[in-house]
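Student: Dumping the structure here so I can ask a few things about it.
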Amino acid sequence: MESKELNISPVGRVEGDLDVKVYMEGGVVTRAHTQAAMFRGFEKIMQGKDPQSGLIVTPRICGICGGSHLYCASSALDTAWKTQLSPNALLLRAIGQATETIQSIPRWFYAIFATDMANKKFASKPLYQEVVKRFAAYVGTSFQKGVTASGRPVEVYALFGGQWPHSSYMVPGGVMCAPTLKDITRAHAIMNQFRNDWLEPVWLGCSIERYLQVKSWDDLMAWVDENESQRNSDLGLFIRASLEFGLDTFGQGVGKYLAFGTYLHKDRYNRPTIEARNDALISAGGFYDGENYHALDHMQVSEHVQHTWFKDHAPLHPWEEPIPTPVETSTILTETDFDGKYSWSKSPRYMEHAAEAGPLSRVIMAANPANLEHQNRDPLFGDIMKEKGPSVFTRTLARMHEAPRIYEYINEWLGQIDLDAEFYIKPEERDGKGWGATEAARGALAHWIEIKNGVIENYQVVAPTTWNVGPNDGEGKPGPIEAALEGTEIEDAHDPVEVGMVARSFDSCLVCTVHAHDAKDEKELARFKL
Amino acid sequence: MINVLWLQGGACSGNTMSFLNAEEPTVVELVTDFGINILWHPSIGLEIGEQVSDLLKDCISKKIQLDILVFEGSIVQGPNGKGTMNYFADRPMMNWVKELSEVAQFTVAIGDCATWGGIPAVPPNPSESTGMQFLKKDKGGFLGADYKSQAGLPVINIPGCPAHPDWITQILVGIATGRAKDILLDDYHRPKTFFTDFVQAGCPNVNNFAQKVDGHFGKRGGCLFYEVGCRGPMTHASCNRILWNRQSSKTRANHPCLGCTEPGFPHHDLQKGSVFNTMKYLGVFPQDVPTGQSKLLYYARAGWEKVLPTNKELTVTSK
C-alpha cells in the first residue's frame, strides 16, 4: 500500500501559526502531528511584576478571546484577594464574556469555516452551487451579511468596556464602568439589530423561541423540513449540505470533553471562592469521559512538556509548574523529530486524559441531567452524541447552536442591571494563590496565579487551543486534533481540504500556542499544492 | 488595483479583529470599492501550505507587485537572533519580512507589537522581540533606522493595542486613492492625521481634569488621571474623536487610558504599583504630567485648583 507524508505549513485560517504533518496509507491518515510554531513567553514577562499585570497582559495573549482572558485574570485575583463582587459586577462581566462569544459565532462560521464547504472537492454534490453562492469568501451573499453582523455584539462590549478588542474593564472587586440608562437601552437596541439583521432571518429562518424548542436529533431533522424558511436558512442549508458532503463522517477526536463553565450567577458568587464556583455557574462545567459526567475539579489538570520545546519537568498541576524555559531546538516541520520535542504547545491533561475543549464540550455539559435549576439545561447534544457521535459536523453545529441561547442570556442580564447599586468594591491586596476560569468562544480557559511579596511569583495560562492542539503527552497519547485527524480520508493529496476542515472545526487559536506542520519527501514537497 | 499582503509575527490577532470591525469602509467594501486586493491574510486568506510560500516568493522576485506590506505582531528574533521561535512557511518569519520589505512600495506596521515591540518586548523579552523600525522609543528596530520602502517612506507606524480600524483602513484608502503624499509622519512615524491630538481631546471628563476632581472605578464623574493612572493627557490618539465600535472609548466607559499609542506601552514595564495606579513623585505628585507642561508649573496649578475648586457641581452626574 502506498505510504506518504504531507507537510502543511501554514494551515491558515486557524488564527495563528499551525503546521501539520500527516502520515497516510491508501489515502487515509494513520497518524498526525500538530506543531505550534510561535513563542512569546507572556508568563515569563509577568513574573516579578505587579499582581494586576494579568489584566493588561493576558488579553493581549489573544485578540480574539481577549475578553475571556480578562475574565480569567480578574477572577484569579478575586480568589487570591478574597474580594467581594456585587450582582452588577457579575452581570457586566457575564455580558462581556457573552458578547465576545456570540460575536465569534458568525465571524468564525463564515470567515474561517464555511469557505471550505465551497471547495471544489464537493463540486459534484447537488447542494454545491447554493453553498458557493452563500458561503464563498468575500463574495458569498451570507459571508458579507455574517461578517458585518459579527461586529454588532462587540459594540455592546464597547459600551461597558470602552472598546473591543483589548479592554481591561473587569478588575478584582468588579468592573470599572458605571453604565447609565442610555448604555443599557442602546445595548438592547444593538442586540435587537443583531437578531433582526442576521440571527433570525439569515441563520435560523424562524424565531429564536421556535428554534429553542428543538430537543433531540429527530426534532432537528423535523425542524429542517418544517417549512421553506427553515429549510433554506443558512442553518438549514448547513445541516443538509453537511450530511450530503459527509462532514458527519470524519474528525471524531479523543471522545473525552472538558468545560470549565462560565457566567457566574449574580446572586450566587458574591464572595468568590474556587470551591463555590461550580454551583454558581450558569453554563455548567465538568468532564465527560464518553460515558460518565464528573464534577469539575481544577486540581485534576496537569501539563506535560515532554514533546514541547521547553525544559523538561514531570507532569505538574499549573500551581506547581515552573515558568517555561525554552530549549534551543525548535525546527521546521520537515526536519522535526516527532519522537522528541516538536511544538511550542504544552499537552494539558485532565485526570491524565487528553480532552477536547470547545462548544461541543459545553453543549454536552448542558445535557448533564444533574444540572441545577439556574443552569443551562439543554438535552439536544446528549441525544446528538448518541445518534451521530462527534465529527466535524457535530462540532460545528454545537458552536452555532449556542447563538440563540447566548442572545437570550444577554438580554436577560441587561434587564437585571440595577443602575443605583454598586459596580465595584475596592479589594485589599494580599499574597496568595488564585484560579480564574471561563469558557472562551473556543473553550475551556484558565489562569493560575501565585502572588508572593506583593508581586507575581508564578502565572500559568492554559488556553483552549492548548487542550486541543497540544502534542503527544509523556505516554505518547495524541492531542485531540492529532487524534481527530486519524482515520480521515484524503481524497486528493494535492488538496487535502479535509485536514483543514478538521483543524478548523476546533477553531484552533494558535496565537495562544501553536503551529502545525506536515512532513513530506522532497519529490512530494515540490509538487504539493493545497 | 493595490496588492496588499498581511502577515503576522509575534501577534495576538487583535489588530486583525479590530480591522474586521471597520465601518467606513468595511473590509468587504475595501475590497469591492477601493480596489484593494488582499493577496493573503492569515485569518481570511484562502491559500494554505506551499500556495502561500509560492506567493511570497513571487512577491520577492517581483513577479507579483507588492504595493503594501502590512505587518502585525512583533518581529521575533529569538533565540539568539535566529528567529526560530516564529517559523512561518518553513522559515523564520523575520527572514520573510526582511526580503518582502525590500520590494514593498509601502511598509505598514500595525499595532504596538509591530511598531515598537509591544508586550512581547517587555523585559526580560523572552522571544527577543522588536518592532519593525523601533524598539520601544529607540529608532532602529528590525529594519534599521535608515530603512525606506520603494516609495521612499520609512515604515508607516499605526500603533495602538489594537490599532483603531479607522487608522488602518484610512491609510490603506489614502494610498489606494493616490494620496500617499498627504501622509505626514511624526517623529515616531505615526500618521499625523490621527496622532497629533491627545486622547484627552473629546474626553467627557476633561472639565473634571481641569478642576482636579478625582474619579474612581465603578462610579460616574471625576477624572481618572490622579489616582488610577489614566494617560489621556500624554497620549497622542484620536480615541475620543472617532470612537470605538461606533459607541465609546476607554475613558468614556470610565476606563483609564493605557497610553497604548505611545512607544512606552505598557508604561513603567508593569513594575509593582504601576497597573491602574498613578505613579507618584514624593508620594503626592503624579510622576508623569501632561505632555508639554513643566512639572513644577503643573504641580503649582494643580495644588491651587485642588484647594480652591471653582465649580463643585462638576462631580454631579446623572444615570
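Protein chains in written order, with the numbering used here: chain P, 5 to 534; chain Y, 127 to 445. Backbone N, C-alpha and C define an ideal beta-carbon position, used for all residues, glycine too.
1) What do you reckon, are the CB atoms on P:VAL466 and P:SER512 nearer than 7 Å?
2) Quick one: using the 10 Å Cβ neighbour count with 16 as the cut-off for buried, is P:PRO408 buried or exposed?
3) For the beta strand (DSSP E) holding P:PHE291, just list the boundary residues, first then last.
4) Verify the CB distance criterion: does Y:MET143 have a CB-CB separation below 7 Å to chain P?
5) What does Y:LEU133 reach in chain P if we use C-beta pairs closer than 7 Å?
6) Buried or exposed: where does P:GLU169 fall if 16 or more other Cβ atoms within 10 Å of its Cβ makes it buried?
7) Would you mind reading off the limits of the alpha helix (DSSP H) that contains P:LYS456?
8) In three-state DSSP terms, what is Y:LEU99?
9) Tell me whether Y:LYS376 is buried or exposed, calling it buried when 16 or more other Cβ atoms sit within 10 Å of its Cβ.
10) What alpha helix (DSSP H) runs, 4 residues minimum, are completely inside the region 227 to 303 of chain Y?
11) Where does P:PRO500 land, buried or exposed, given buried means 16+ other C-beta within 10 angstroms?
12) Return no unless some Cβ of chain Y is closer than 7 Å to the Cβ of P:THR517.
13) For the region 32 to 45 of chain P, which residues have a beta carbon sitting closer than 8 Å to at least one beta carbon of chain Y?
14) Identify the residues that DSSP records as bridge partners of P:TRP323: which are they?
15) Tell me which residues share the same chain as Y:THR387 and place their Cβ nearer than 7 Å to its Cβ, disregarding the 5 neighbours each side in the sequence.
16) I'd like to know whether the C-beta of P:SER57 is nearer than 7 Å to at least one C-beta of chain Y.
17) Under 7 Å between C-beta atoms, does P:GLN148 make it to chain Y?
18) Name the chain Y residues whose beta carbon is nearer than 7 Å to that of P:HIS170?
19) Thinking just about the alpha-carbon of each residue, which of P:VAL506, P:LYS315, P:GLU495 is nearest to the one in P:PRO484?
20) In whole angstroms, what separates the C-alpha of P:GLU230 from that of P:LYS219?
21) Measuring alpha carbon to alpha carbon, tell me which of P:GLU486, P:ASP316, P:GLY294, P:GLU324 ends up nearest P:VAL305.
22) Just mark P:GLY419 as buried or exposed, buried being the case when its beta carbon has 16 or more other beta carbons within 10 Å.
23) Mapping the DSSP letters down to three states, classify Y:ASP308 as helix, strand or coil.
24) According to DSSP, is P:SER7 part of a helix, a strand, or is it coil?
25) Starting from the beta carbon of Y:HIS393, find every residue of chain P whose beta carbon is closer than 7 Å, and list them in chain order.
26) Is the distance from the Cβ of Y:GLY328 to the Cβ of P:GLY67 below 7 Å?
27) Along chain P, which residues have their Cβ under 7 Å away from the Cβ of Y:TRP370?
28) Excluding the five sequence neighbours on either side, which residues of its own chain have a C-beta within less than 6 Å of the C-beta of P:ALA98, listed in chain order?
29) Who are the neighbours of P:ASP422 on chain Y, taking C-beta pairs under 7 Å?
30) For a contact meaning CB atoms closer than 9 Å, what does P:ASP21 contact in chain Y?
31) What does a CB cutoff of less than 7 Å around P:PHE397 pick up in its chain, not counting 5 residues either side in sequence?
32) Scan the region 266 to 278 of chain P for residues whose Cβ lies nearer than 9 Å to a Cβ of chain Y and list them as they occur along the chain.
33) Under a CB-based cut-off of 7 Å, is P:PRO373 close to chain Y?
34) Going by DSSP in three states, P:GLN133 sits in which element: helix, strand or coil?
35) At a CB-CB cut-off below 9 Å, which residues of chain P make contact with Y:THR152?
36) If I measure Cβ to Cβ from P:PRO363 and keep anything under 6 Å in the same chain, skipping five residues before and after, which residues do I get?
Tutor: According to the data block:
1) Along the first sequence, one-based indexing puts residue 466 of chain P at 462. Along the first sequence, one-based indexing puts residue 512 of chain P at 508. No, Cβ-Cβ distance for P:VAL466 and P:SER512 is not below 7 Å.
2) For the purposes of this step, residue 408 of chain P is identified with residue 404 of the first sequence, where counting begins at 1. The C-beta of P:PRO408 has 16 or more other C-beta atoms within 10 Å across all chains shown, which makes the residue buried.
3) As a first step, residue 291 of chain P is located in the first sequence; it is residue number 287 there, counting from the start. Looking at the DSSP string, the run of the beta strand (DSSP E) that includes P:PHE291 is 290 to 292.
4) In the second sequence, counting from the first residue as 1, residue 143 of chain Y sits at position 17. For Y:MET143, the answer is yes, since a Cβ of chain P falls inside 7 Å of its Cβ.
5) As a position in the second sequence, residue 133 of chain Y is number 7, starting the count at 1. In chain P, no part has a C-beta under 7 Å from the C-beta of Y:LEU133; the shortest such distance is about 10 Å.
6) On the first sequence, residue 169 of chain P is found 165 positions in, with the first residue counted as 1. Reading the sequence as shown, one finds Pro at residue 169 of chain P and not Glu. Buried is the call here.
7) Locating residue 456 of chain P in the first sequence gives position 452, counting from the first residue. Run containing P:LYS456: none in the alpha helix (DSSP H); it sits in the beta strand (DSSP E), 447 to 456.
8) Because residue 99 of chain Y is not part of the residues shown, which for chain Y are 127 to 445, the question remains open.
9) Position 250 of the second sequence, counting from 1, holds the residue named residue 376 of chain Y. By the beta-carbon neighbour count (other beta carbons within 10 angstroms, threshold 16), Y:LYS376 is buried.
10) Listed in chain order, the complete alpha helix (DSSP H) runs (minimum 4 residues) inside the region 227 to 303 of chain Y are 238 to 242, 291 to 302.
11) As a first step, residue 500 of chain P is located in the first sequence; it is residue number 496 there, counting from the start. Buried: at least 16 other Cβ atoms inside 10 Å.
12) Looking up residue 517 of chain P in the first sequence gives position 513. No answer about P:THR517 holds up, because its pLDDT of 39 lies below 50 and its placement is not dependable.
13) The residues in question are ALA41, MET42, PHE43, ARG44, GLY45.
14) What you label residue 323 of chain P is simply residue 319 of the first sequence in a count that begins at 1. Partner(s): none; P:TRP323 has no beta bridge.
15) As a working mapping, residue 387 of chain Y is identified with position 261 in the second sequence. Cβ neighbours of Y:THR387 beyond the five flanking positions: PRO285, GLY286, PHE321, THR361, HIS362, ALA363.
16) Taking the first sequence and counting its residues from 1, the one referred to as residue 57 of chain P is at position 53. Judged by the 7 Å Cβ criterion, P:SER57 is in contact with chain Y.
17) Residue mapping note: residue 148 of chain P aligns to position 144 of the first sequence, counting from 1. Between P:GLN148 and chain Y, the shortest Cβ-Cβ separation is below 7 Å.
18) For the purposes of this step, residue 170 of chain P is taken as the residue at position 166 of the first sequence. In chain order: GLY140, CYS287, PRO288.
19) As a first step, residue 484 of chain P must be located in the first sequence, where it is residue number 480. For P:PRO484, the closest alpha carbon among the candidates P:VAL506, P:LYS315, P:GLU495 is that of P:VAL506.
20) Here residue 230 of chain P refers to the residue found at position 226 of the first sequence. Here residue 219 of chain P refers to the residue found at position 215 of the first sequence. Roughly 15 Å separates the two Cα atoms.
21) For this step, residue 305 of chain P is matched to residue 301 along the first sequence. Comparing alpha-carbon positions, the option among P:GLU486, P:ASP316, P:GLY294, P:GLU324 lying closest to P:VAL305 turns out to be P:GLU324.
22) Reading the first sequence from its first residue, position 415 is the one you call residue 419 of chain P. Under this definition P:GLY419 is an exposed residue.
23) For the purposes of this step, residue 308 of chain Y is taken as the residue at position 182 of the second sequence. In the structure shown, Y:ASP308 sits in a helix (DSSP, three-state: H, G or I).
24) Stepping through the first sequence from its first residue, residue 7 of chain P is reached at position 3. In the three-state DSSP reduction, P:SER7 falls in the strand class (E or B).
25) As a first step, residue 393 of chain Y is located in the second sequence; it is residue number 267 there, counting from the start. Simply none; closest approach about 10 Å.
26) Counted from its first residue, the second sequence places residue 328 of chain Y at position 202. Counted from its first residue, the first sequence places residue 67 of chain P at position 63. Contact flag unset, no.
27) Mapped onto the second sequence, residue 370 of chain Y falls at position 244. Here the neighbours are ALA162, GLY166, GLN167.
28) On the first sequence, residue 98 of chain P is found 94 positions in, with the first residue counted as 1. Cβ within range, chain order: TYR267, TRP417.
29) Position 418 of the first sequence, counted from the start, is the residue given in the question as residue 422 of chain P. P:ASP422 does not reach chain Y, its nearest Cβ partner there being about 10 Å away, counting only Cβ pairs nearer than 7 Å.
30) Taking the first residue of the first sequence as 1, we reach residue 21 of chain P at position 17. Here the neighbours are GLN134, PRO168, ASN212, TYR213, PHE214, MET219.
31) The sequence position of residue 397 of chain P within the first sequence is 393, counting from 1. Once the five neighbours on either side are set aside, the close Cβ partners of P:PHE397 are SER246, LEU251, ASP252.
32) Against chain Y - using a Cβ distance shorter than 9 Å - the region 266 to 278 of chain P contributes no residues.
33) Position 369 of the first sequence, counting from 1, holds the residue named residue 373 of chain P. Not flagged as an interface residue toward chain Y: P:PRO373, since no C-beta distance is shorter than 7 Å.
34) Translated into positions along the first sequence, residue 133 of chain P becomes position 129. P:GLN133 falls in the helix class under three-state DSSP.
35) Taking the first residue of the second sequence as position 1, residue 152 of chain Y is located at position 26. The contact set of Y:THR152 on chain P, defined by CB atoms closer than 9 Å, consists of GLN148, VAL151, THR152, GLY155 in chain order.
36) Working through the first sequence from its first residue, we reach residue 363 of chain P at position 359. Correct list, in chain order: ALA402, ARG403, GLU406.
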